[in-house]
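Numbering (the working numbering), first residue to last: 491 to 831.
Note that CB positions come from ideal geometry on N, CA and C, so glycine has one too.
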């Protein structure tokens, strides 16, 4: 193993990828490659590592190294996909008015090449074009293996409704911390940055999306079904809290928490109980279980001095308007916490 790796260590490789002290064991090579900038040479070195010669720690390092190279490969795909879409959009009609290669052809080509559905291929093209055209820092992080593709995709998706200037501000706010974040953390940071960078636009978009609120269901196997609601975040949080509070009143009869939550939802909607015992913390005037919704918001935002986003427990960042909606809802109890920026 040692000889095989060192045989491939020519001058160019040492200059671009070699550590200060040359690795000797397989574990040392794995540790080095786990933090090295991915590329063709490091990929070749990584391919020479034999799993049998690695300790558990070495295998974790090798896994990290491969993950960085996956991101590097996906960055190359992003560039190619953006070029393919650009070719399709730049195509000019021929003498009879036909376009030899348009966006639909591009989607079909990508779908066939990558064995994807048409919708997924279209999504990959759109994300790639957004990343290449508007988010150079994110693409660079992806190419260096510091973030994963799903984080880069989140940047393109969450900022999709912003103008280029606002999108750039959001990227600048979020990018420095992305390498240390999970995909979920990056998405929450992006949502908060969008609210900070464009609060008025966020309110306009929210008003438009409120018009799309709906409920739908679909049948599942074995006599079951899925029931889904699309609604504003504060209302979703209040529903969650009401379901939790009502589920807490049920006896310990072997049901799991999730089973109790489903039964509580059905009870609240269909049976509309009143006068139930509520050991979870009291009742509302109508006898319902008191629901607890926790929103964290600055005093300046609360009184309308600024439009800083709030934080809704369990849901993440919400606009200043949504935070005030929860804070001033009937029956709200305020708990003061003084902080300094």
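Euclidean distance between Cα positions of residue i and residue j
i: residue 674; j: residue 747; result: 24 Å
i: residue 598; j: residue 578; result: 12 Å
i: residue 513; j: residue 645; result: 37 Å
i: residue 755; j: residue 641; result: 34 Å
i: residue 457; j: residue 573; result: Residue 457 is absent from the model: the chain starts at 491 and stops at 831.
i: residue 544; j: residue 696; result: 52 Å
i: residue 815; j: residue 791; result: 12 Å
i: residue 691; j: residue 614; result: 26 Å
i: residue 624; j: residue 707; result: 37 Å
i: residue 560; j: residue 532; result: 12 Å
i: residue 700; j: residue 722; result: 6 Å
i: residue 557; j: residue 565; result: 12 Å
Cβ-Cβ distance between residue i and residue j below 8 Å
i: residue 637; j: residue 666; result: no
i: residue 785; j: residue 806; result: no
i: residue 569; j: residue 622; result: yes
i: residue 704; j: residue 710; result: no
i: residue 809; j: residue 693; result: yes
i: residue 600; j: residue 611; result: yes
i: residue 440; j: residue 596; result: The chain is shown only over 491 to 831; residue 440 falls outside these bounds and no answer can be derived.
Any non-hydrogen atom of the ligand MN within 7 Å of residue i CB
i: residue 539; result: Looking at this structure, you won't find the ligand MN or any other ligand, since it has none at all.
Those residues which DSSP pairs with residue i across a bridge
i: residue 719; result: 705
i: residue 802; result: 785 and 806
Three-state secondary structure (DSSP) of residue i
i: residue 766; result: The predicted position of residue 766 is uncertain, since its pLDDT is 47 and thus under 50; no value can be drawn from it.
i: residue 774; result: Low local confidence applies: a pLDDT of 45 at residue 774 is under 50, so the model's placement there is unreliable, with the coordinate-based value given in what follows. Residue 774 falls in the coil class under three-state DSSP.
i: residue 674; result: helix
i: residue 811; result: helix
i: residue 745; result: coil
i: residue 817; result: helix
i: residue 710; result: coil
i: residue 514; result: coil
i: residue 545; result: coil
i: residue 607; result: coil
i: residue 635; result: coil
i: residue 576; result: helix
i: residue 498; result: Unreliable positioning characterises residue 498 in this predicted model, as indicated by a pLDDT of 39, which lies under 50. The coordinate reading is nonetheless provided below. Correct three-state label for residue 498: coil.
i: residue 504; result: The predicted model places residue 504 with a pLDDT of 37, which falls under 50 and marks its position as unreliable; any figure quoted below should be read in that light. In the structure shown, residue 504 sits in a helix (DSSP, three-state: H, G or I).
i: residue 539; result: coil
i: residue 553; result: helix
i: residue 823; result: coil
Cβ of residue i within 8 Å of any chain C Cβ
i: residue 757; result: This model lacks chain C altogether; it includes just one protein chain.
For this session: Decide yes or no for the touch test of the segment 511–521 against the segment 539–551: beta carbon pairs closer than 8 Å, at least 3 of them.
Result: yes
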